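One structure is given here, and the rest of the page talks about it.
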Amino acid sequence: MTRGRSELGDITPHNIKQLKRLNQVVFPVTYNDKFYKDVLEVGELAKLAYYNDIVVGAVCCRVDSSENQRRLYIMTLGALAPYRRLGIGTMMLEHVLKICDKDGNFDNVFLHVQVNNEGAIKFYEKFGFEIVEEKKNYYKRIEPADAYVLQKTFRKKTDKPAVSELDSK
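Residues 1 to 169, numbered by full-length UniProt numbering, are exactly what the sequence shown covers, in order.
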């Protein structure tokens, strides 16, 4: 079997309904209208994944400034079941990691994964993500309701110059 063409494309008001439909099929949770409105504003942080010109996946992120850190939060990253294991998830995640690398100012990138989603956990671990926390009852209306927080850290707090170095300028 020849491998198809995979590529990422922008999310626009013209194709946002495709993202909505995809998310309904791929994820057990429903995203509200604000989610989709926000996705249109984040530019490169949200992409549709195409396989032979068919929308088969999507990734949506947002910048999160919490806990005195600048973090990138992966809100959704998924592909339709028949198109998994074709490198589409990898292509989407590499896009996200490239953004972080180019920006250079993210402390980490993180996401929530349902505790029983072993496939997703293994996938992210391949890219250097680690389980850093378990959130009880994170999800509403789905079982199990618990989620792991998976995180990939880019730099340690100790990498920043000490105050004395800054003073000597």
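Note that the Cβ used here is the ideal one computed from N, Cα and C, for glycine as well. The structure presented is a predicted model; accordingly, all values stated were derived computationally and were not measured.
Buried versus exposed call for residue i [16 or more other C-beta atoms within 10 Å across all chains shown]
| i | result |
| --- | --- |
| Gly104 | exposed |
| Thr12 | exposed |
| Ala58 | buried |
| Gly89 | buried |
| Asp33 | exposed |
| Arg71 | buried |
| Lys152 | buried |
| Lys17 | exposed |
When the options are compared against residue i, the one with the closest alpha-carbon
| i | options | result |
| --- | --- | --- |
| Asn117 | Val26, Ile11, Gly9 and Leu19 | Val26 |
| Leu144 | Asn32, Gln114 and Leu86 | Per the sequence shown, the amino acid found at residue 144 is Pro instead of Leu. Answer by Cα proximity: Gln114. |
| Glu125 | Tyr139, Asp107, Lys136 and Leu93 | Leu93 |
| residue 212 | Val132, Gln69 and Gly78 | Residue coverage of the chain in this structure runs from 1 to 169, which leaves residue 212 outside it and unanswerable. |
| Gly4 | Gly43, Thr76, Gly87 and Phe123 | Gly87 |
| Thr76 | Lys17, Glu134, Phe127 and Phe35 | Phe35 |
| Leu80 | Gly128, Ile54 and Asn108 | Ile54 |
| Met91 | Asn108, Gly119, Phe127 and Phe106 | Phe127 |
For residue j and residue i, the rounded distance between their alpha carbons
| i | j | result |
| --- | --- | --- |
| Val149 | Lys102 | 24 Å |
| Val56 | Ala49 | 6 Å |
| Phe154 | Glu7 | 26 Å |
| Asn23 | Thr30 | 8 Å |
| Ile142 | Gly9 | 30 Å |
| Arg21 | Glu130 | 30 Å |
| Cys61 | Tyr73 | 5 Å |
| Tyr138 | Ala147 | 6 Å |
| Lys136 | His112 | 12 Å |
| Glu67 | Glu44 | 24 Å |
| residue 211 | Asp64 | No answer is possible for residue 211: it lies beyond the span of the chain, which begins at 1 and ends at 169. |
| Asn52 | Tyr83 | 11 Å |
| Val132 | Lys122 | 14 Å |
| Lys140 | Glu134 | 15 Å |
Going along the chain, which unbroken runs of the beta strand (DSSP E) with 3 or more residues stay wholly within the stretch 19-103?
46-51, 54-66 and 69-79
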